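Since the structure comes first, as structure tokens, the remarks are kept for the end.
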């Protein structure tokens, strides 16, 4: 309900500052209300009836009512309560993040990342382990080792012969990158890979690694860079246009090193292949039924879209080797087991507009987002001439404090939240809660307006009971006829025991065709086919057909809604007496 109110009030509290031409449209309790505030909501919400005097008058009335209620809430001090301040602070906090960032820097970073996504790069690397928590001596040693490795694979090892003036510097021949990687890299996989990482693309590695690789020309070695693991250099071996495939597979898993299981899986996968290649075979159904990869099996074997380097090499080679969409591979083996793969689609890099939101989300939760924050901090310090030694946290706090002055649309939005919360809270207190709890008031209101609550279709008001036997039926009939109406259900329930259910009852209001027993015995519709429950075959209906509500509870929702409207109008009249409203009609006509 509160969100609905806030939405409705969004326009009602916007202050469009037009200093040179703005005029006072009205005063409420002596406080001026500018024409621009009303003009904004009218132009925003009355496009269909623009220019109509009736529309203007209707909006003006709504606007006055809104302003009166907000004025009353402020006079009650609702805007000073801790609950109000906390809620307003929460709404504001949801609105401010997009203003506390450098959107230009973010867009540039997204564009650069997109350009990188257009190509994949094949790289090898050398890593020297050095955790971020390492002491200075360990860091120095690790740096020396990685710098030495880079020297060996770029210029060659520096050699100084002789001493003093006779000293001569020469360089040993440049060494093979992968040979040096195998010798010095602390990456555990180096024994098998010689530092080869294969094809990479953005977001697959930590950002420092990605940035170093994509800012280094093909064929060259990166500068030394650091990651959480340690220090690295990478050789950019080649690049190619980015390509993605969409594929599905059926897999039979094989425990590593189990040759017997591998042979058995091969027999099974070959038999599945014979099923897959049948003319009317449905790959997705077979995958759901037969694949051991339960995650993809639920999706008909689908693995979604992926690029080079995302899958193990045998799988990648097999899938990217398929020429035509819809074609299926023969069974092939990876370290996970045996597979049959189907090519579902091929594509290159999608247009920027189609992927920018995804890039934005990934950038904002990635380490590269620090560049955006640093840019924002730098610009904020310069904009407000802040001390160089002010902490980043204090700079952010300062920027946050000045957002409304810098961004009028945010100031308007916060004002909307402010007035919307006030309107909700004061209306809840004065109208909605009061109407819901005021039983005597509801009864009196209904009595005065009973003629309004006549229904388009008659309803049956009463009770229907389903009984186990004739004795129970007679007891139920006697209770219904003799007991006070508000005690009937209580007495009927006593006919049941803990072990045996003798009776079931329903009490309320029914339209025709909503309950077969009511249609047959209440509305006396002889054409109704009603078959009682075999366990409770004896049925009795008591009540009457009504054309309209007898008491307010017969149409509680509508009566309560009308009563709320009545209280609201009465309250508005009281507010008009309490807070004088002066409207300058000539300003509105202009």
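Numbering (my numbering), first residue to last: 661 to 1250.
Glycine included, C-beta positions come from ideal geometry on N, C-alpha and C.
All figures in this text were calculated on a predicted structure; none of them were measured in a lab.
query: Rounded C-alpha distance that separates residue 959 from residue 975; result: 19 angstroms
query: Run of the alpha helix (DSSP H) containing residue 1149, from where it starts to where it stops; result: 1148 to 1153
query: Contiguous alpha helix (DSSP H) assignments of at least 4 residues, all confined to the region 1116 to 1168; result: 1130 to 1142 and 1148 to 1153
query: Backbone secondary structure at residue 966 - three-state DSSP; result: strand
query: Residue closest to residue 763, alpha-carbon to alpha-carbon, out of 1181, 1031 and 892; result: 1031
query: Three-state class that DSSP yields for residue 1022 in the structure shown; result: helix
query: Given 8 angstroms, three or more beta-carbon pairs between the region 856 to 869 and the region 800 to 810; result: no
query: Whole-angstrom distance between residue 1086 and residue 1080, CA atom to CA atom; result: 10 angstroms
query: Cross-strand partners of residue 1244 (DSSP beta bridge); result: Note: residue 1244 sits in no beta bridge, so no partner.
query: Same chain, Cβ closer than 6 angstroms to residue 1166, five either side skipped, listed in chain order; result: 1124
query: Residue 1070 versus residue 1063 - alpha carbon distance; result: 7 angstroms
query: Between the CA atoms of residue 1140 and residue 1150 - distance to the nearest angstrom; result: 11 angstroms
query: Close Cβ partners of residue 755 (< 6 angstroms) along its chain, the five nearest in sequence each way excluded; result: 1073
query: Residues that residue 780 bridges to, as DSSP identifies them; result: 900
query: Near the ligand NAD: residue 931 beta-carbon under 7 angstroms from a heavy atom; result: Looking at this structure, you won't find the ligand NAD or any other ligand, since it has none at all.
query: Pairwise C-alpha distance: residue 1007 and residue 983; result: 13 angstroms
query: Length of the line joining the Cα atoms of residue 1041 and residue 1061; result: 14 angstroms
query: Meets three-Cβ-pair contact criterion under 8 angstroms: the region 783 to 790 and the region 884 to 903; result: yes
query: C-beta contact flag for residue 911 and residue 998 at 8 angstroms; result: yes
query: Cα-Cα separation, residue 708 to residue 1076; result: Because residue 708 sits at a pLDDT of 48, beneath the cut-off of 50, its placement in the model cannot be relied upon, and the point is left open.
query: Closest residue to residue 1115 among 1163, 978, 994 and 1210 (Cα-Cα distance); result: 1210
query: Burial state of residue 1131, where buried means 16 or more other Cβ atoms lie within 10 Å; result: exposed
query: Identity of the residues DSSP links to residue 1202 by a beta bridge; result: 1123
query: Cβ neighbour criterion (16 or more within 10 Å) applied to residue 951; result: buried
query: Beta-carbon spacing of residue 1226, residue 688 below 8 angstroms; result: no
query: Sequence ranges, alpha helix (DSSP H) only - wholly within the region 791 to 861, length at least 4; result: 796 to 814, 837 to 844 and 850 to 853
query: Straight-line Cα distance separating residue 891 from residue 1036; result: 28 angstroms
query: Counted within 10 angstroms of its Cβ, other Cβ atoms place residue 961 as buried (16 or more) or exposed; result: buried
query: Segment contact, 8 angstroms Cβ cut-off, at least three pairs: the region 822 to 833 with the region 843 to 852; result: no
query: Where residue 770 sits in the DSSP three-state scheme; result: helix
query: Cβ-Cβ separation, residue 1203 to residue 1113 (assumed contact under 8 angstroms), whole Å; result: About 18 angstroms separates the two Cβ atoms, so there is no contact after all.
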